[in-house]
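Number of protein chains: 2
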Amino acid sequence: MLNWVHMCAPVISVIQEEISNGELHEILDLVESRSFSQLRNELVDMNPADIAEEMALIEEDKALIVVFRLLPKEQAAEVFSYLEPEDQQRIVEGISDKELASIVNDMFVDDAADFTEEMPANIVRRVLATADPETRKAINQILKYPDNSAGSLMTTELLRLKGEWNVAAAIQYVRHTCDELASITYAFVTDESRHLTGVVSMKDVLAAKDDQLISEIMDDDVIYAKTLDDQAEVAETFKKYDIVSMPVVDGEDRLVGLITIDDVVDVIEEETTEDIYKMAAMAPIEDSYMSTSVFTLARKRVVWLLVLMISATFTGLIITKFESMLTAVAILTSFIPMLMDTCGNAGSQASVSVIRALVLGEVKFSSMLKVIWKEFRVSIIVGLCVAIVNFLRIIVFYYMGMYQLEAGQNIYLIAGVVSATLVLAVICAKFVGCTLPLLADKCKLDPALMASPMITTIVDAVSLLVYFGIASIVLL
Amino acid sequence: MLNWVHMCAPVISVIQEEISNGELHEILDLVESRSFSQLRNELVDMNPADIAEEMALIEEDKALIVVFRLLPKEQAAEVFSYLEPEDQQRIVEGISDKELASIVNDMFVDDAADFTEEMPANIVRRVLATADPETRKAINQILKYPDNSAGSLMTTELLRLKGEWNVAAAIQYVRHTCDELASITYAFVTDESRHLTGVVSMKDVLAAKDDQLISEIMDDDVIYAKTLDDQAEVAETFKKYDIVSMPVVDGEDRLVGLITIDDVVDVIEEETTEDIYKMAAMAPIEDSYMSTSVFTLARKRVVWLLVLMISATFTGLIITKFESMLTAVAILTSFIPMLMDTCGNAGSQASVSVIRALVLGEVKFSSMLKVIWKEFRVSIIVGLCVAIVNFLRIIVFYYMGMYQLEAGQNIYLIAGVVSATLVLAVICAKFVGCTLPLLADKCKLDPALMASPMITTIVDAVSLLVYFGIASIVLL
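What follows is the structure, given as structure tokens:
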């Protein structure tokens, strides 16, 4: 109970709301009243993510640049990293080359590469021309990898130690260089040709004795990615081994970068969004919903809609075949939407459960028989419940005068036909729903494509065939 | 292109498959042939997550215990943490109290608490009785917080520093104590009454000069959670601020624990699964799909199925109302499934896009008008495309002899009615689809409940009303 109450009134948001609501208006007010020194004092105490969130709300470009220039130098690059590409572009277009260079050189290299990737060509040229040579080289290195690859996700600022160093020397080295690095939680050991030979956590380095060698305390069984590995695979490995960072090697097994878990969290969100879009019969979009154009949204949606529409015409042809029966027993038509929807939903439930279990690695194609047996038992329970309730509902509606029968027709018989159809069609729907995603996975297709819309279309046809089959036996 | 080819042939899996396929059979073989010393050598070189994955495949309890006992002492607790609750229970039931105590004391406290929580009462008693007093206290502390709260997610093994220490002293302290800690990436500073006063990254500690005080280099603007905060809120904060660990304070603002990002990744997965289940009209399940009983699965699914079935009967009543028209122009019936499916899918596309954008914080209720305007334009493009294709399809099918018309009926007029319905109903469907999730969110309901099944049910009725409305004007 406590938990439930708490979900409705989250306490953590207090900190955020204080900043977002209270200080937000103050910032806009301070810009308008040109109280810049007060604004500067406000900004120093705020979290960069919050500053970025509020700067995105400033509509006038000039005001945005003013606020950005008020940021303390050490915060500017960090705030900039948190901004959306649109706002980054607005700022870059308003600042000098010198200011741009200072931001790019101060950003983490992976953030700088992400930002560069989103900019139009003229800004990319300006960024690369103004960045210092080392940064330029690192950005170019990351940019050359394909989108969604491990290489495009990594940063090059990682901690390298030598196996022959002792712990005291390693700690000294870390203390002198760590200011430049994205993360020092793990250090990586390479040989003369920069091949990855081991990994050691900073915790283990600090816990070891001064005269121990790094090669003695490192772990030589390193979990790593290759630059061209797909980011979804990388995220899977992070989850499987519960790791927080992973080294990346190039085609010749040389250590070139490091992927940290905060970037992996973004990948997981991205991949989930893609799955959810596919499950709702849409091609995934690359940007956020609001920043995707109307035309792109339409294009991503219309293809599947057309495919499913054409498939649905076959369901219509089934109805055409049984037209004479529907004319004879007109009331049968009125149960079609309920049958289609209920069986579609029952099938979707099974398919979505299996698709999610596949994504989470809980089921595999080899467990297909177990899954079918499970869904079969579930479908009998669910089908019977739905059928009984439906039988009673039809009888009640009939006695309330909502259905008109013609001479010689028996409402109990009709209700029986509809309910029997429900049980059988729900069983079929769950069977189709649980097997198709597994088969798709086996055929190296994305199981998410076998979610609700596809299942609904197939199950519609199945349930109508069952319906007309039973009706022709019982009623004609 | 490279990217696409690459997605189909992930390279990273090579490492995993080598272990999973190759070594797996070897382990089972080695158990069967009782080659225990060779097995022990194999195990030493394997990753704990892989060992756990393969131990789960050993069906015989005795063999499982044998393999577990062969693990080097320092690996046993880690492998145990990776096992599923079922397998943990099988092991606990086969080992001595002394062995159990050693595992529990070696595990990270949050893992030990997670494990204890999943066990039956008799095992919980054994665990708490055998654990050393400090571990027992820590486990009990975590167990007292409600499921899904920040308190239940945290570990108590965090690095505490004093503000008045200088950097040299702090590093000495870390080197002596870090063996016991879950993470040293961030250190937390508290006052005498254990109130949280600051945070400092180990990177900043190492980068600072020996004689600087911790209070000088720490950041006193700490992002923290309270023990009773909901885990979904905590995950949101991690994502917003791109952080990797977050301190947890109790009701009196005293520092009691630390949440690390690997646990947050699990929370994100869990919350996403809940969303996806709700979007497919199912109550979320607590365990994995395979370990949830048939009866529980049926219970989680039947409620929504019944609700949606009852709602769908209203669609049926609309058909009953227009029965005379359907008898007069029988061909109209055959387009009902296509209209229902297409409009249902069009509505789902909009609702799922908006639900996901809400979850990711990309849209808010306040942007409702913008969203409606966007979906309106999308629906006109999509509706027209679908209508045109459908018009042509009906004409083609007619000339192929698949539809029979009665005297006085005109196929162009009928195709026109169906296509006009498609345009109007798709516009309505997208409107309903994009507004309902936003309204639900505003009313503090879960927007995920407004996904495909709910939208389909509403849109069915709307599209039939539009259909019969247009048909009565044009055809009668």
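Taken in order, these protein sequences are the chains called A and B.
Mapped onto numbering that gives the first Met the number 0, the consecutive letters of the first sequence carry residue numbers 0 to 475.
Mapped onto numbering that gives the first Met the number 0, the consecutive letters of the second sequence carry residue numbers 0 to 475.
Backbone N, C-alpha and C fix where the C-beta goes; we use that ideal spot for every residue, glycine too.
**OP:** Kindly confirm or deny that the region 147–166 of chain B and the region 226–234 of chain B touch, where touching means at least three C-beta pairs closer than 8 Å.
**Re:** yes
Subject >> Short-range partners of chain A found in the region 455–472 of chain B, where Cβ spacing is below 8 Å >> reply: Thr-455, Thr-456, Asp-459, Leu-463
Original post:
So, is Asn-20 of chain B buried or exposed, given that buried needs 16 or more other C-beta atoms within 10 angstroms?
Top reply: Here Asn-20 of chain B scores only 43 on pLDDT, less than 50, and its place in the model is too uncertain to base an answer on.
Original post:
Between the beta-carbon of Leu-69 of chain A and the beta-carbon of Arg-39 of chain A, is there less than 8 Å?
Top reply: yes
Original post:
Name the DSSP beta bridge partners of Lys-476 of chain A, please?
Top reply: Because chain A is modelled from 0 through 475, residue 476 of chain A falls outside the range shown and cannot be assessed.
Original post:
Among A:Asp-203, A:Asp-209, A:Asp-252, A:Leu-383, which has the Cα closest to the Cα of Lys-225 of chain A?
Top reply: A:Asp-252
Original post:
Looking at the structure shown, is Leu-56 of chain A part of a helix, part of a strand, or coil, going by DSSP?
Top reply: coil
Original post:
His-194 of chain B bridges to which residues according to DSSP?
Top reply: B:Arg-253
Original post:
If you check the beta carbons only, do Phe-321 of chain B and Phe-467 of chain B fall under 8 Å apart?
Top reply: yes
Original post:
Who are the neighbours of Val-381 of chain B on chain A, taking C-beta pairs under 7 Å?
Top reply: Ala-297, Arg-300, Val-301, Leu-304
Original post:
So, is the C-beta of Met-324 of chain B closer than 8 Å to a C-beta in chain A?
Top reply: no
Original post:
Within this structure, are the beta carbons of Val-66 of chain B and Cys-384 of chain A separated by less than 8 Å?
Top reply: no
Original post:
Taking one C-beta from the region 210–223 of chain B and one from the region 188–198 of chain B each time, how about it: are there three or more such pairs within less than 8 Å?
Top reply: yes
Subject >> Inter-residue spacing [alpha-carbon to alpha-carbon] between Ile-394 of chain B and Pro-452 of chain A >> reply: 26 Å
Original post:
Is Leu-205 of chain B close to chain A, meaning its C-beta is less than 8 Å from at least one C-beta of that chain?
Top reply: yes
Subject >> When A:Trp-372, A:Arg-392, A:Asn-389, A:Leu-448 are compared against Cys-427 of chain A, the one with the closest alpha-carbon >> reply: A:Trp-372
**OP:** Give a yes or no on whether the minimum CB-CB distance between Gly-150 of chain B and chain A is below 8 Å.
**Re:** no
Subject >> Selection from A:Ile-50, A:Arg-89, A:Phe-35 that minimises the alpha carbon distance to Glu-58 of chain A >> reply: A:Arg-89
Subject >> Pairwise C-alpha distance: Ser-471 of chain A and Gly-315 of chain B >> reply: 20 Å
**OP:** Might you give, ordered along the chain, the residues of its own chain that have their beta carbon closer than 6 Å to the beta carbon of Phe-390 of chain A, omitting 5 neighbours on each side?
**Re:** Ala-414, Ser-418
Original post:
Buried or exposed: where does Leu-357 of chain A fall if 16 or more other Cβ atoms within 10 Å of its Cβ makes it buried?
Top reply: buried
Original post:
Okay, do the region 99–111 of chain B and the region 130–138 of chain B touch, 3+ Cβ pairs below 8 Å being the bar?
Top reply: yes
**OP:** Take the Cβ of Val-473 of chain A as the centre, count every other Cβ of all protein chains shown within 10 Å, and call the residue buried at 16 or more, exposed below.
**Re:** exposed
**OP:** Hey, could you find the ends of the beta strand (DSSP E) Tyr-185 of chain B is sitting in?
**Re:** 185–189
Original post:
What residue does the alpha helix (DSSP H) around Trp-372 of chain B start on, and which one ends it?
Top reply: 367–398
Original post:
Between Ser-378 of chain B and Val-416 of chain B, is the Cβ-Cβ spacing less than 8 Å?
Top reply: no
**OP:** Kindly indicate if chain B contains any beta-carbon less than 8 Å away from that of Thr-196 of chain A.
**Re:** no
Subject >> Glu-22 of chain A, DSSP secondary structure in three states >> reply: In this predicted model, Glu-22 of chain A has a pLDDT of only 49, less than 50, meaning its place in the structure is not dependable; the value taken from the coordinates is given anyway. If DSSP states are grouped into helix, strand and coil, Glu-22 of chain A belongs with the helices.
**OP:** Please say whether Met-337 of chain B and Ala-311 of chain A have beta carbons closer to each other than 8 Å?
**Re:** yes
Original post:
So, do the region 264–284 of chain B and the region 265–275 of chain A have three or more beta carbon pairs nearer to each other than 8 Å?
Top reply: yes
**OP:** Look up Ile-275 of chain B in the DSSP assignment and say whether it is helix, strand or coil.
**Re:** helix
**OP:** For my contact list, Val-422 of chain B and Gly-343 of chain B are in at a C-beta cut-off of 8 Å; report their separation, rounded to the angstrom.
**Re:** With a Cβ gap of about 16 Å, Val-422 of chain B and Gly-343 of chain B do not count as contacting.
Original post:
Once you ignore the five residues that flank Tyr-185 of chain A on each side, which residues in its own chain have a CB closer than 6 Å to its CB?
Top reply: Val-198, Ser-200, Ser-244
Subject >> chain B within 8 Å of Lys-161 of chain A, Cβ atoms only >> reply: no
Subject >> Outcome for Lys-238 of chain B when other beta-carbon atoms lying within 10 angstroms are tallied against a minimum of 16 >> reply: buried
Original post:
In chain B, which residues lie less than 8 Å from Pro-336 of chain A when you measure between Cβ atoms?
Top reply: Ala-311, Thr-314, Gly-315, Ile-318, Ile-335, Met-339, Asp-459, Leu-463
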